[in-house]
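Here is the structure we will look at.
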Amino acid sequence: MIADLFSLAIYTLLILAVASGGLVTSMLIGKRKKGFMKEEPYECGVPQIGETRTEFNVRFFVLSMLFVLFDIETVLLAPYAVTFLKDVGSGKGVEYLAEVAVFLAVLGFGLLYAWRKGVLDWNVPLGHSPDEVVQQQLAGTDKKAA
9 MIADLFSLAI YTLLILAVAS GGLVTSMLIG KRKKGFMKEE PYECGVPQIG
59 ETRTEFNVRF FVLSMLFVLF DIETVLLAPY AVTFLKDVGS GKGVEYLAEV
109 AVFLAVLGFG LLYAWRKGVL DWNVPLGHSP DEVVQQQLAG TDKKAA
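To convert, count from 1 in the sequence shown and add 8; that's our numbering.
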């Protein structure tokens, strides 16, 4: 027991020594040239165009979260497919099918909710429902409030 802890301590000290040695060596023999390009936030040698901090529409974030949600859905459905193929003869097929149907129904309702809220419609201003925009277009007002 003590020999195992001693080996672990030596191993930890060796790792710290190698990491520290690499950092110290880099600081001692590395070049210390500062310049305009070194101070740039994106240091690739290409001069930046415009501001580095730009505002993105929140819809990009919401759309990426929807993508992650449905991407995870496919990952969660894979084990069901494997177990369904294994247990189809044991009479659990209907149980698995019901579980998957409930899972897909919840995701489908979530997609329908996002669709009705205008998350997937890029022409609808934020804070307005698609129905409101359609009513404005049908009435001929077509006002887009910000």
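Glycine included, C-beta positions come from ideal geometry on N, C-alpha and C. Please read these numbers as outputs of a predicted model, since none were measured by experiment.
Query	Result
Per-residue burial, GLY30 [other beta carbons within 10 Å of its own, 16 or more giving buried]	exposed
C-beta contact flag for TYR88 and VAL108 at 7 Å	yes
Nearest candidate by alpha-carbon position, reference VAL114, set PHE78, VAL102 and ARG67	PHE78
Cβ-based neighbour list, LEU71, same chain, cut-off 8 Å, excluding 5 preceding and 5 following	VAL127 and LEU128
Endpoints, the alpha helix (DSSP H) within which ARG40 is located	Element bounds for ARG40: n/a, residue is neither H nor E.
Inter-residue Cα distance where the pair is LEU84 and PHE14	44 Å
VAL66 to ILE80 span [Cα, whole Å]	21 Å
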